[in-house]
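There are 2 protein chains.
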Amino acid sequence: MSKKWVYLFREGDASMRDLLGGKGAGLAEMTKSGAPVPPGFTITTEACNAYYANGQQFPEGLWEQVLEALRDIEQQTGKKFGDPSNPLLVSVRSGAKFSMPGMMDTVLNLGLNEATREGLARLTDNPRFAADAYRRFVQLFGKIVLGVDGEKFEHVMDEYKGHGQRQDTDLSADELLEIAEKFKAIIKAEKGVDFPEDPFEQLREAIAAVFRSWNGRRARDYRRLNKIPDDLGTAVNVQTMVFGNMGNDSATGVAFSRNPSTGENKLYGEYLVNAQGEDVVAGIRTPKPISEMEREMPEVYRQFEQIARQLERHYKDVQDMEFTVERGKLYMLQTRTGKRTGAAAVKIAVDMVREGLIDKATAVQRVEPAQLDQLLHPTIKPEAKAKAQLLAKGLPASPGAAAGEVIFDPDEAEQRAQNGEKVILVRVETAPEDFHGMVAAQAVLTSRGGMTSHAAVVARGMGKPCVAGAGDIRINYAAEQFEVNGTVVKKGDYITLDGSTGEVFLGQLETQEPELSGDFQTLMSWADEFRTIGVRTNADTPHDARVAREFGAEGIGLCRTEHMFFEGDRIDAVREMIVAETVEERRAALAKIEPYQKEDFVGIFKAMDGLPVTIRTLDPPLHEFLPHADEEIRELAAKMGISFERLKAKVESLREANPMLGFRGCRLGIVYPEITEMQARAIFTAAKECREQGITVQPEVMIPLVNTVEELRRQAEVVRRVAEEVGFTDYLIGTMIELPRAALVADQIAEEAQFFSFGTNDLTQTTMGISRDDSARFVPKYVEEKIFKDDPFQVLDQEGVGQLVQIGTERGRKTRPDLKVGVCGEHGGEPSSVTFFAKVGLNYVSCSPFRVPIARLAAAQAALGEAKRDK
Amino acid sequence: MSKKWVYLFREGDASMRDLLGGKGAGLAEMTKSGAPVPPGFTITTEACNAYYANGQQFPEGLWEQVLEALRDIEQQTGKKFGDPSNPLLVSVRSGAKFSMPGMMDTVLNLGLNEATREGLARLTDNPRFAADAYRRFVQLFGKIVLGVDGEKFEHVMDEYKGHGQRQDTDLSADELLEIAEKFKAIIKAEKGVDFPEDPFEQLREAIAAVFRSWNGRRARDYRRLNKIPDDLGTAVNVQTMVFGNMGNDSATGVAFSRNPSTGENKLYGEYLVNAQGEDVVAGIRTPKPISEMEREMPEVYRQFEQIARQLERHYKDVQDMEFTVERGKLYMLQTRTGKRTGAAAVKIAVDMVREGLIDKATAVQRVEPAQLDQLLHPTIKPEAKAKAQLLAKGLPASPGAAAGEVIFDPDEAEQRAQNGEKVILVRVETAPEDFHGMVAAQAVLTSRGGMTSHAAVVARGMGKPCVAGAGDIRINYAAEQFEVNGTVVKKGDYITLDGSTGEVFLGQLETQEPELSGDFQTLMSWADEFRTIGVRTNADTPHDARVAREFGAEGIGLCRTEHMFFEGDRIDAVREMIVAETVEERRAALAKIEPYQKEDFVGIFKAMDGLPVTIRTLDPPLHEFLPHADEEIRELAAKMGISFERLKAKVESLREANPMLGFRGCRLGIVYPEITEMQARAIFTAAKECREQGITVQPEVMIPLVNTVEELRRQAEVVRRVAEEVGFTDYLIGTMIELPRAALVADQIAEEAQFFSFGTNDLTQTTMGISRDDSARFVPKYVEEKIFKDDPFQVLDQEGVGQLVQIGTERGRKTRPDLKVGVCGEHGGEPSSVTFFAKVGLNYVSCSPFRVPIARLAAAQAALGEAKRDK
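Residue numbers (the working numbering), protein chains in the order written: chain A, 1 to 871; chain B, 872 to 1742.
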């Protein structure tokens, strides 16, 4: 006896995905749950493999089993395959274990030929319907099964439609038959074969075509890129055709078991009477809301509603269903998990726990962490967006939407904002000296730079929308305008940014504010019950710290001290410090900065009372604090009372070929220990003062860009000495791990470091040799061509950079088993990266304030995933 | 019975370094070999450890053993410790296993007090000599043993000398005694103790001071930095004083057993009659050449000559000896391996093999590979150098010496060179567009950039002297002059560079050409007998390839194709290609470049007939091929027939924040596959043409800057397709491993790569996050402060970067056991790095042509070192 190659839908279930493919298993499960699914069967993935093993021939017994299954269907439907008097028509679809582009498309209406077409025409009393079904079938079969270039068919259609003067629907039955004949002639001419009139031959060929498509170029490429094994094989689904266009007692539609926008527990969808599935999609007729069906087809509606409930209970999740009503009889064609908005996801998850449908753990896993962004930021009203003119698309660098007047100059942005105007700061790229302009703006748009460019990082920190690296935009500062694909936008013109999608629109679109529901808080509290990894925030100001704390941050993982250097008059002292030529001059300038730094830290410590605060010593190259244009240098020189030449020479001498790899990080503190000294003193005097006021302070001093333990040791010596001088105890000294070398010698570094914090932004730059500021020139192309799965500055490159995170953690803990390890790169708020960090045993992630809830949820999901794996 | 803490010199030998320290073991060995060493003894390192274990008290039996040993010395010398009638005086010196700065200095003349001083005065009939010896002893003892600030003593001396009006030698015996008394008063005032008159107390305290110095701050720091264990301890050497200033039958001198400059097998050195060791050093009297001693003291000379031969035979190497003649009796005070020039090292090694003193393996290990540089390049005549004005010091970026007129503009340099003038090109830094100026110049001087800056790499490739990163030099292009520490050097002024030392001299110094002796060739051929790792060269032109082959290169490990892009008119086509806006335009421009590239490859293949040639596809960012100043852009735009605005926009759009981490390497070839295509076609048509002419061609196409196997796969597909089109077979496709990620996923990359070549320049930049162009700002300080042991661009950072080389090699070979692995960074010619590469199993190193002999020798030494370890 031969192997069982064919399963009727009623013989399978959802667990048989390997054998029946995803689609086949789903149809079987639906059938099993009692839903009215048009009868059909699935040819197994094993049959596909056997087909190849057999030299591309059907394995023994396959065809016989197909015929047998077909007879079963005939019995169920009362129709007969190839019988002109009551023809059974079927669809043939591929269906592998994983949905896979490049596999064979659907062939509909298989079983039609001259004779059965006429039978169908009689039966439906609709010759045009039958003729169109036939035309479609010949076309699909010719293209998909026989491999004729689809354009040749389209060309004929186009001629008949007078090159755009008429629609498909304007073609008469006769014309459609003529077209079908022409299609057959094309098939003959192209492939040298006659179009098969025999339905059985049609079926046989269609099945073989599905098998062959498994080894098509695109499918193979897809599998290689996505690491899907080649030996899975594909299943083939053969299913009875049903028609929603057989009169006013027929219909077709799609519906969700709950509202996918709001989460409301009510059927949501639309349908069309006397129509086919394509008609709903094509938009020629406007579908009606599903609620109308209750009046128009009360019986069918009740049945559908019941099935929807049943499927939802069965799958324990919102279902997105396709159905067809053929002459009053409801057929379910597909059901799948329904996509939903962030707000809906939260409401549905919490509701379903209350309804007893799922448990808390499941609820926590039901919401995509990234979706929470929608809940936390303003969005463009959908109706406004639909009508708007899209100017350009850049990177979704910081979520949220905002409208405002285009302003190019940071000073002007600040000024206008003070006058109450709403402005969008538009720059080629931003630098620290543009900070005040960013603070003043509603949102920031740059034409250059990636997800971790200065603009992106700063905007995310402030929770302000940002679209970065919109490469099509050509900015002309001199003319105070930008040009994009022919449109010129001048200073003062309104634009609207959607930082969640990267879209830039012309005009002032209406936005809506987010509302944080009680459901949101409930879900987050459940998430906290499960997660094992801590969530801190990257915050440089008391305000950011407070926001993050409200979002649930458990401390500050990264407080950048250099942002404080730009505020107000401090920059003058900073510049004095840089231009200083002796240690004494430098110390004098630093002494002016110290009180400001101290006050900043006091504010932050107060905001974080009881929680740890990690403060990084000065990191950026010094030239970032100086102007670069001659005009500005001249102005500053005059202000500082030094010669233009001297200042210019200083600026020149600080210029670097690759500032990212230059004189920055702890290298500054080692060459100028007095800088670290000043910062340490500011930290410890602030901490001491706060402690005296009853605030619980836990400072953690973090030394950046360390390569060797010796660097850390020298800086730690300075910090410890100052702490002793100030008389403050109970603090930690640690380091950023942001250079590959540091990860590789982490065992040595841990001799000195009490904690590690992986700076995955810089670690990605160095490990992969990609400057985040310059990545826009090729990374998008790499992602598009699947050379990279994701932009490595958005999603951690686990294989490369992640390997170093793992190595660094393991080696560090070998030396110091209780080493606290966190991550403070932008990846700390990216869900899949958070999962990775939890897996490799990090103690916490740290991210921008507005990403804290996302990280909390992702962390919970990571813990739940681990728990599942451990079972 | 207590442990043996004390060894007389005659009781030890050279093998007892652990116990007796380096100096003690040497003195013992010399004594054992029969040389007349002043008698003495060594207190063991174990005694030092026991001293600490015993709460800083002498362990049981130590003092008794010291006294016993002292009695032995008294017996040998006939003198008596503390006896005014014939006092025994000793020196006390520290001596750990490894020579270590920070350990205690020598105390001389110990045993002197009022009484013995008078005895010494009588005995020598020289009260001034005795008084000065006493004064020195009190000073040394006060400073070194008792820890009095040395300046306080100097201050007294200074007063007596009238603040520089008189010399030490002008002081009378009475004055010296007065001074000694003042020293004692200082000791009393500072330390509250009387100067010990008892010689035994002096000795006891001196020994304890040596022990204590083992744990002094500087010694501890040194051990930590050099990873020397703290528990080794130091030995103490106590030795009879001998005096060369006891009359005309006394003398002191230093001599080498062979000439350390030329290697000639003849005693070489100098001596002074009636003098002390310090007098030779102080230069007050002019010493006589050692050959004169044959006439003056024939007996002593013959004895010394014999001892020198004996020691040389014993140590099987050139000896650098110190001796003293006290009243006609010769004493050997020290012998150690003699330092020598490169030329001498080669001659001595080869001579000694011929003399049967050493074997070939030893000879090969006797020459420092780095010393060969002196043999391969012109040098400044020592007499000229001695009188010259040193202007500045930069990095020794490419060895050799050259003089010429200062020229700042590469075009002018070319023009003047064509007129037969010798010029030195002086630039802030060089770029590929300055190439023709570098070709024309005798040497290159830059004020910015490190050992692997463009100037350095290109100059080394051409074997031309280069001093890079001379930061004190301030260049003013506009004024056509540079200023350095107050000296202004104008265009046309002569300077002379020493690229082996990094020195820049004013004026035209005389240089001498190198001569490659037969001994050199002999030594190199012996080296080749031992080495296991191959040596290739980095060469971009047929000329370089030929030079390298003469130096013994076994193939080309790196042929950079971009240097060819700058020559002559090609740059025009290259620029056309860059400015092109469509694939077609780009292809048209590339078609113009292809014939040139092909001809270049033909030349290189011919020069390397029978040897493999690794060709790297285009690597640098495209903006390197375009001018950056408005003036030049305007000129070029006119020449290209496009608008200034368009070209300027192009230049702007290619500008990068961090070009090192930008759009370069295979990223170019992936975004513009037509570039790789053109290069592959040029390679394969050239290879085919050569093969048809009977040349044996082995091309290896190397794809740069690969991060993922997918990148390599895409580029390899292009290369393979072109090879097939051209009809060329038998070539390899491989990749540079120059990003940390590539090393980490080398197992995947080896699926596609037939060979790896580690680009350790870029790998160092990314692994350590240091831009080689910007490293000058802190790396010198790091090296000075021992945070880095070496400049990581000169000497491979084995711990970090080397770890990745090892990981990459291991993982690559896991996938492809026969994977060929080489290195083509500048480290390929650096001896200690070559040793490392050999150790981790690389197949070959590749370096600049002039470094090939160095690499051959280093490779042989690595193999011999391995063999020794394996024993």
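For each residue, glycine too, the CB sits at the ideal point set by N, CA and C. Just so you know, these numbers come straight off a predicted model, no measurement behind them.
Legend entry - C-beta neighbour in chain B for glutamine 942 of chain A, strict 8 Å: Beyond the ends of chain A as shown, which are 1 and 871, falls residue 942 of chain A; an answer cannot be given.
Legend entry - One or two residues paired with glycine 822 of chain A in a DSSP bridge: Walking along the first sequence from the start, residue 822 of chain A turns up at place 822. In DSSP, glycine 822 of chain A forms a bridge with A/Ser757 and A/Tyr844.
Legend entry - Continuous alpha helix (DSSP H) stretch holding arginine 881 of chain B: start and end: Taking the first residue of the second sequence as 1, we reach residue 881 of chain B at position 10. That residue, arginine 881 of chain B, is in no alpha helix (DSSP H); it is neither H nor E in DSSP.
Inset, instruction - Determine, using beta carbons only, whether alanine 1621 of chain B comes closer than 8 Å to chain A. - result: Indexing the second sequence from 1 puts residue 1621 of chain B at position 750. Output row for alanine 1621 of chain B: interface = no.
Inset, instruction - Give a yes or no on whether the minimum CB-CB distance between threonine 1317 of chain B and chain A is below 8 Å. - result: Here residue 1317 of chain B corresponds to residue number 446 of the second sequence, with the count starting at 1. Judged by the 8 Å Cβ criterion, threonine 1317 of chain B is not in contact with chain A.
Legend entry - Reference aspartate 317 of chain A, options A/Gln374, A/Phe256 and A/Leu376, closest by Cα: Mapped onto the first sequence, residue 317 of chain A falls at position 317. Aspartate 317 of chain A has its Cα closest to that of A/Phe256, out of A/Gln374, A/Phe256 and A/Leu376.
Inset, instruction - Check whether the Cβ of arginine 1006 of chain B sits closer than 7 Å to any heavy atom of the ligand NAD, and report yes or no. - result: With respect to small molecules bound, the structure shown includes none, and the ligand NAD cannot be examined in it.
Inset, instruction - Tell me, please, whether the CB atom of glycine 1671 of chain B is closer than 8 Å to any CB atom in chain A? - result: As a first step, residue 1671 of chain B must be located in the second sequence, where it is residue number 800. Answer yes: the Cβ-Cβ gap between glycine 1671 of chain B and chain A drops below 8 Å somewhere.
Legend entry - Proximity test, Cβ basis, 8 Å: lysine 1685 of chain B and chain A: Taking the first residue of the second sequence as position 1, residue 1685 of chain B is located at position 814. Answer no: the Cβ-Cβ gap between lysine 1685 of chain B and chain A never drops below 8 Å.
Inset, instruction - Could you name the residues of the same chain whose beta carbon sits closer than 8 Å to that of valine 840 of chain A, not counting the 5 residues immediately before and after it, in chain order? - result: Stepping through the first sequence from its first residue, residue 840 of chain A is reached at position 840. Here the set comprises Gly802, Val805, Gln806 and Thr809.
Inset, instruction - Output, in chain order, the set of chain B residues within a Cβ distance shorter than 8 Å of phenylalanine 778 of chain A. - result: Reading the first sequence from its first residue, position 778 is the one you call residue 778 of chain A. In chain order: Phe1534, Arg1538, Ile1541 and Val1542.
Inset, instruction - Can you tell me which of the three DSSP states alanine 580 of chain A falls into? - result: For the purposes of this step, residue 580 of chain A is taken as the residue at position 580 of the first sequence. Coil, per DSSP.
Inset, instruction - Use the C-beta contact count for leucine 1096 of chain B: other C-beta atoms within 10 angstroms, 16 or more gives buried, fewer gives exposed. - result: For the purposes of this step, residue 1096 of chain B is taken as the residue at position 225 of the second sequence. Only exposed fits leucine 1096 of chain B, as fewer than 16 other CB atoms lie within 10 angstroms of its CB.
Legend entry - Within chain B, the residues that asparagine 226 of chain A reaches when beta carbons sit closer than 7 Å: Within the first sequence, numbered from 1, the residue matching residue 226 of chain A stands at position 226. Scanning chain B for C-beta atoms nearer than 7 Å to the C-beta of asparagine 226 of chain A yields nothing, as the closest lies near 12 Å away.
Inset, instruction - Could you run through the segment 698–715 of chain A and flag, in chain order, every residue whose CB is less than 8 Å away from some CB of chain B? - result: Those residues of the segment 698–715 of chain A that come within reach of chain B (Cβ to Cβ, closer than 8 Å) are Leu705, Asn707, Thr708, Glu710, Glu711 and Arg714.
Legend entry - Neighbouring residues, chain B, relative to lysine 781 of chain A (Cβ below 8 Å): The residue given as residue 781 of chain A occupies position 781 in the first sequence. Ile1541 and Val1542, listed in chain order.
Legend entry - Within-8 Å CB hit, leucine 647 of chain A to chain B: Taking the first residue of the first sequence as position 1, residue 647 of chain A is located at position 647. By this cut-off, leucine 647 of chain A is not an interface position.
Inset, instruction - Taking tyrosine 782 of chain A as part of the beta strand (DSSP E), name the residues at either end of that continuous run. - result: The residue you call residue 782 of chain A lines up with position 782 of the first sequence. Taken as a continuous stretch (DSSP letters only), tyrosine 782 of chain A belongs to no beta strand (DSSP E), being part of the alpha helix (DSSP H) at 779–784.
Legend entry - Candidates A/Pro849, A/Cys824, A/Gly507 and A/Pro595, of which the one nearest leucine 842 of chain A by Cα: Here residue 842 of chain A corresponds to residue number 842 of the first sequence, with the count starting at 1. Nearest of A/Pro849, A/Cys824, A/Gly507 and A/Pro595 to leucine 842 of chain A, Cα basis: A/Cys824.
Inset, instruction - Examine chain A for any beta-carbon lying closer than 8 Å to the beta-carbon of glutamate 1239 of chain B, and answer yes or no. - result: Residue 1239 of chain B sits at position 368 when you count from the first residue of the second sequence. Using beta-carbon distances, glutamate 1239 of chain B does not count as an interface residue toward chain A, since no partner is under 8 Å.
Legend entry - Nearest-angstrom beta carbon gap, leucine 110 of chain A and valine 92 of chain A [assumed within contact, 8 Å]: Counted from its first residue, the first sequence places residue 92 of chain A at position 92. Counted from its first residue, the first sequence places residue 110 of chain A at position 110. Contact holds; Cβ gap of about 6 Å.
Legend entry - Cutoff 7 Å; reference glutamate 1548 of chain B; Cβ partners in own chain excluding five residues on either side: As a position in the second sequence, residue 1548 of chain B is number 677, starting the count at 1. Cβ neighbours of glutamate 1548 of chain B beyond the five flanking positions: Val1589 and Val1593.
Inset, instruction - From the DSSP output, read off the bridge partner residues of asparagine 1347 of chain B. - result: Start at 1 with the first residue of the second sequence, and residue 1347 of chain B comes out as number 476. Its beta-bridge partners are B/Gln1352.
Legend entry - Beta-carbon gap between proline 1570 of chain B and alanine 1558 of chain B smaller than 8 Å: The residue you call residue 1570 of chain B lines up with position 699 of the second sequence. The residue you call residue 1558 of chain B lines up with position 687 of the second sequence. Yes, they are a contact pair.
Inset, instruction - Counting only runs of 3+ residues fully inside the segment 1080–1163 of chain B, write out the beta strand (DSSP E) ranges in chain order. - result: 1105–1111, 1122–1127 and 1139–1144
Legend entry - Those residues which DSSP pairs with leucine 506 of chain A across a bridge: Mapped onto the first sequence, residue 506 of chain A falls at position 506. Per DSSP, A/Ile495.
Inset, instruction - To the nearest angstrom, report how far apart serine 2 of chain A and valine 254 of chain A are at their CA atoms. - result: Locating residue 2 of chain A in the first sequence gives position 2, counting from the first residue. Locating residue 254 of chain A in the first sequence gives position 254, counting from the first residue. Cα-Cα distance, rounded: 40 Å.
Inset, instruction - Can you give me the Cβ contacts of glutamate 513 of chain A inside the same chain, cut-off strictly under 7 Å, excluding the 5 residues immediately before and after it? - result: Looking up residue 513 of chain A in the first sequence gives position 513. So the list reads Pro378, once near-sequence residues are dropped.
Inset, instruction - Kindly give me the distance between the Cβ atoms of valine 1597 of chain B and phenylalanine 1555 of chain B, rounded to whole angstroms, as I take these residues to be in contact under 8 Å. - result: Here residue 1597 of chain B refers to the residue found at position 726 when the second sequence is read from its first residue. Here residue 1555 of chain B refers to the residue found at position 684 when the second sequence is read from its first residue. With a Cβ gap of about 4 Å, valine 1597 of chain B and phenylalanine 1555 of chain B count as contacting.
Legend entry - Helix, strand or coil at threonine 766 of chain A [DSSP, three-state]: The sequence position of residue 766 of chain A within the first sequence is 766, counting from 1. Note: threonine 766 of chain A maps to helix in three-state DSSP.
Legend entry - Under 9 Å from the C-beta of proline 861 of chain B: neighbouring residues of chain A: Only positions 872 to 1742 of chain B appear in the structure, and residue 861 of chain B is not among them; the question remains open.
Inset, instruction - Starting from the Cα of glutamine 1030 of chain B, find the closest Cα among B/Leu1042, B/Asp1020 and B/Val1019 and give me that residue. - result: Position 159 of the second sequence, counted from the first residue, corresponds to residue 1030 of chain B. In the sequence under discussion, the amino acid at residue 1030 of chain B is glutamate, which differs from the glutamine named in the question. When only C-alpha atoms are compared, the closest one is B/Leu1042.
Inset, instruction - Might you give, ordered along the chain, the residues of its own chain that have their beta carbon closer than 7 Å to the beta carbon of asparagine 1130 of chain B, omitting 5 neighbours on each side? - result: Residue 1130 of chain B sits at position 259 when you count from the first residue of the second sequence. Cβ within range, chain order: Lys1137, Tyr1139 and Ala1215.
Inset, instruction - Let me know the secondary structure DSSP gives phenylalanine 1054 of chain B once reduced to three states. - result: Along the second sequence, one-based indexing puts residue 1054 of chain B at 183. Helix at phenylalanine 1054 of chain B.
Inset, instruction - Please determine, among B/Val1294, B/Glu1622 and B/Glu1609, the residue with the shortest C-alpha to C-alpha distance to glycine 769 of chain A. - result: Along the first sequence, one-based indexing puts residue 769 of chain A at 769. Nearest of B/Val1294, B/Glu1622 and B/Glu1609 to glycine 769 of chain A, Cα basis: B/Glu1609.
Legend entry - Under the three-state DSSP convention, the category proline 1483 of chain B falls into: As a working mapping, residue 1483 of chain B is identified with position 612 in the second sequence. Proline 1483 of chain B: strand per DSSP, three-state reduction.
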